[in-house]
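Everything below concerns the one structure shown next.
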Amino acid sequence: MKKKYSWIDDLPIQISEEGKEWAKSHMRSMSLSQKIGQLIHVATWSNKSQIHIDDITHLIHEHGIGGLIFFQGDPERQAQQTNYYQNISKTPLMVSVDAEWGLGMRLDGVESFPYQLTLGAIPNNEGIYKMGSAVGKQLKRLGVHVNFAPVIDINTNPANPVINFRSYGENKHKVASRGISYMEGIQEEGVLACAKHFPGHGDTDADSHKELPLLNKSYQELVDTELYPFEKLIDKGIGAIMTAHLHIPQLDSIEPRASTLSHKIIDGLLKKELKFKGLVFTDALDMKAVSDHYEPGYVDVEALKAGNDVLVFVNNVSVAVKEIERAISNGEISLEEIELKCLKQLCYKYWMGLKDFSPLKIPNIVEDINQHTNNLNKKLYEKSITLIKDDRQFALQKNAKSLAILSLYADGDKSEGKQLAHHTLLKKSDNHTELSFESKLVEYCDSISKPLKLSYKDTVELQSNVLSKLEIYDTIIVAVHDIKLKAIENFGITEDLSQVLTKLFNTKKCQVVFFGNPYALSNIKDLDKAETILLTYQENKYTFDAAFKVITGQIDAEGVLPVSINSYFKAGNNYRSYEKK
42 MKKKYSWIDD LPIQISEEGK EWAKSHMRSM SLSQKIGQLI HVATWSNKSQ
92 IHIDDITHLI HEHGIGGLIF FQGDPERQAQ QTNYYQNISK TPLMVSVDAE
142 WGLGMRLDGV ESFPYQLTLG AIPNNEGIYK MGSAVGKQLK RLGVHVNFAP
192 VIDINTNPAN PVINFRSYGE NKHKVASRGI SYMEGIQEEG VLACAKHFPG
242 HGDTDADSHK ELPLLNKSYQ ELVDTELYPF EKLIDKGIGA IMTAHLHIPQ
292 LDSIEPRAST LSHKIIDGLL KKELKFKGLV FTDALDMKAV SDHYEPGYVD
342 VEALKAGNDV LVFVNNVSVA VKEIERAISN GEISLEEIEL KCLKQLCYKY
392 WMGLKDFSPL KIPNIVEDIN QHTNNLNKKL YEKSITLIKD DRQFALQKNA
442 KSLAILSLYA DGDKSEGKQL AHHTLLKKSD NHTELSFESK LVEYCDSISK
492 PLKLSYKDTV ELQSNVLSKL EIYDTIIVAV HDIKLKAIEN FGITEDLSQV
542 LTKLFNTKKC QVVFFGNPYA LSNIKDLDKA ETILLTYQEN KYTFDAAFKV
592 ITGQIDAEGV LPVSINSYFK AGNNYRSYEK K
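Position in the sequence shown (from 1) plus 41 gives the number in the numbering used here.
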């Protein structure tokens, strides 16, 4: 008997003898359909109606599902519903969420931490570990056991429509080290980190939520780049990995088989070759990369046959259970394999403290979740600010003369956040208020008049008029706002706006502060002719404040580029790199 279950000792998490017995006892009491149910995790939203709650209740009672993935809502309602669902479930539920930049990624009333691309600019990992720990505390307070993070895809394709700003950058060593720090911070709080998207989604130009992306790389190319962070996190004890929906013909030539459904990739590469012993989650099985090609039920069977342990976002639970039972009866899947996956998940549930679930306390839950965010965010954003050019070693003096401010607004879609990640994502409102970057400058320097403004909507005539007004000034500070997060329509930098920037760069007196994704600069001509270029990666009250402090010489810009903008401004550099040339 001991030999049969010896694999438990190889898990990335430590399970006591009591835990093993608890898991075995629970599994022995289950019917076959209940064992299958444990492998199914379904999506839920705490901001939906009672009809939705009734649907989830039915799945818990009827199929004994193993877990829930929470999407939009707010902390209080999610806590209330978690308490209710846990109370009615015979076997404790594993609760998960996408919290790449904390619970603010999904929930109202919660302040977000920086995106991973922003974190990729920070010169060391100490702050990233602290962020991981803070996120772990958030999740623990809300009764969440799994964070589908970190993203350890290496973003080597600037046009990547789904990873992009969610990656730490293009350097495999830095992606791995930052992923390890974030993972360690989370898991030391008793929350499971789940690295994604295996075997690597960073060099794709299609969104797997909408279609099946092609990753046409050889095995050796994957080993050299994409697989590197996964190997490193496996070595450091990552508890779970999420698979990607990619077609990789060099690894599995059968079309249109996604990597999630490939036995060669999941069982062969991830489990056997890389020796990963932890939980393997599928990416959401309702995504069009797989749902366009496979019927409900069949896709679930194929995912289990490939080697996945947990089926995420199952479209039709009753059909999935029936098809998996059929696959067992005809020998496609062995009962032993189902029981191994079920027992494995129960062991994890014990590690998560689910032997004795205590109802979550609702009072002050929002305040508790947000309590560590503000001070840490301030430090993280200040460390990430990146000065990639500083010819004049510019620092704004309080008594500065002949200086103007121009605010440029790109075609950023205010509802864009709804499409940033799977099944909608919250985007906090922008801070174009009295606390904005420009207002801070005007308050600091009495001689600066009210900022001039240009928008992507403005006519060429108006643009020319504003540029003419700027000719009399010796220094122009240009703040670029409303940049799209993703590579849609050149990040919102229209051709007219790009030409305005090029003209300003060529005046040789332009100090640019770019509040957004650095990839957006890649198509702007004569970028290297600007005197100063300061990147903040995001646009919020923290980056306004940090940029102001850099411009006025109160703090140094310590960040380094996590991705290459063009052949001149490359990943790993900042203005000090170019001073040496």
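Backbone N, C-alpha and C define an ideal beta-carbon position, used for all residues, glycine too.
Taking residue i as the reference, give the member of the options with the closest Cα.
i                 : options                           : result
isoleucine 227    : Ile195, Phe112, Met172 and Tyr335 : Met172
threonine 323     : Asp308, Glu314 and Lys316         : Asp308
glutamine 579     : Gln552, Ile97 and Ala561          : Ala561
glutamate 230     : Lys178, Leu268 and Pro254         : Lys178
isoleucine 289    : Gly319, Ile275 and Phe239         : Phe239
lysine 76         : Pro400, Glu380, Ile606 and Asp597 : Glu380
glycine 11        : Ser249, Leu320, Tyr170 and Val351 : The chain is shown only over 42 to 622; residue 11 falls outside these bounds and no answer can be derived.
phenylalanine 354 : Ser488, His242 and Ile81          : Ile81
serine 359        : Pro133, Ser488 and His102         : His102
glycine 557       : Leu449, Leu508, Lys549 and Met146 : Leu449
aspartate 96      : Ile306, Ser74 and Gln122          : Gln122
tyrosine 497      : Ser259, Glu536 and Gly105         : Glu536
proline 53        : Ala361, Glu378 and Met224         : Met224
threonine 85      : Val264, Leu395, Arg367 and Tyr126 : Tyr126
isoleucine 524    : Arg367, Gly319, Ala344 and Val554 : Val554
proline 492       : Thr500, Ser130 and Val507         : Val507
cysteine 383      : Ser74, Asp567 and Met328          : Ser74
Can you tell me whether residue i sits near the ligand SAM, meaning its C-beta is under 7 Å from at least one heavy atom of the ligand?
i            : result
tyrosine 578 : With respect to the ligand SAM, the structure offers nothing, as it holds no ligand at all.
Sort out for me which residues DSSP pairs residue i with in a bridge.
i                 : result
histidine 288     : Leu255
phenylalanine 322 : Met283 and Val351
threonine 414     : None; threonine 414 has no bridge partner.
glycine 108       : His82 and Met135
alanine 234       : Asn188
glutamine 552     : Ile518 and Thr573
lysine 430        : Ile574
glycine 143       : Glu141
leucine 444       : Thr516
Excluding the five sequence neighbours on either side, which residues of its own chain have a C-beta within less than 7 Å of the C-beta of residue i, listed in chain order?
i                 : result
alanine 31        : Only positions 42 to 622 of the chain appear in the structure, and residue 31 is not among them; the question remains open.
phenylalanine 5   : The structure shown does not extend to residue 5, since the chain is modelled only from 42 through 622, so no value can be given for it.
glutamate 272     : Leu315
arginine 182      : Ile406, Asp409 and Ile410
asparagine 212    : Ala612 and Gly613
phenylalanine 317 : Ile275, Ile282 and Leu311
isoleucine 49     : Ile56, Lys61 and Cys388
serine 259        : Gln291
histidine 464     : Low confidence applies here, because histidine 464 scores a pLDDT of 46, under 50, leaving its location unreliable and the question unanswered by this model.
Excluding sequence positions up to five away, which residues of its chain have a Cβ less than 6 Å from the Cβ of residue i?
i              : result
alanine 587    : Tyr422, Glu423 and Ile426
glycine 594    : Ala436
lysine 494     : Ser448
glutamate 152  : Gly145, Asn411 and Thr414
asparagine 357 : Pro337
glycine 78     : His104, Gly105 and Ile106
methionine 71  : none
histidine 99   : none
isoleucine 565 : Ser539 and Leu542
arginine 433   : Glu572
Keeping to the same chain, check which residues put their C-beta closer than 8 Å to that of residue i; ignore five residues upstream and five downstream.
i              : result
cysteine 486   : Leu437, Gln438, Lys439, Asn440, Ala441 and Leu444
isoleucine 517 : Leu444, Ala445, Ile446, Leu447, Leu511, Leu545, Thr548, Lys550, Cys551 and Gln552
aspartate 515  : Lys442, Ser443, Leu444 and Lys550
glutamate 502  : none
alanine 175    : Gly143, Phe154, Gly226, His413, Thr414 and Leu417
isoleucine 489 : Ala441, Leu444, Ala445, Ile446, Leu482 and Val483
tyrosine 46    : Lys61, Lys65 and Leu384
Can residue i and residue j be called in contact, C-beta distance under 8 Å?
i              : j             : result
asparagine 547 : lysine 570    : yes
valine 331     : threonine 301 : yes
glycine 348    : histidine 286 : no
proline 297    : leucine 256   : no
glycine 600    : lysine 420    : no
isoleucine 195 : threonine 132 : no
valine 521     : alanine 598   : no
glycine 184    : valine 136    : yes
alanine 120    : leucine 395   : no
valine 351     : leucine 326   : no
glycine 25     : threonine 197 : The structure shown does not extend to residue 25, since the chain is modelled only from 42 through 622, so no value can be given for it.
valine 187     : proline 270   : no
Checklist entry - Within the chosen definition, does the region 198-214 reach the region 147-161 through at least 3 CB pairs nearer than 8 Å? => result yes
Item to check | Inter-stretch contact at 8 Å, needing at least 3 Cβ pairs: the region 607-619 / the region 183-191 | outcome: no
Next on the checklist: Is it the case that the region 420-434 contacts the region 566-580, given that we only count it when at least three CB pairs across the two stretches are under 8 Å?
Outcome noted: yes
Item to check | Contact between the region 104-112 and the region 410-418 (3+ Cβ pairs under 8 Å) | outcome: no
Next on the checklist: Check whether the region 229-240 and the region 278-297 are in contact - that is, three or more C-beta pairs closer than 8 Å.
Outcome noted: yes
Checklist entry - Does the region 370-389 come close enough to the region 111-122 that 3 or more CB-CB pairs lie under 8 Å? => result no
Checklist entry - Below 8 Å, can you find three or more Cβ-Cβ pairs linking the region 386-404 to the region 52-59? => result yes
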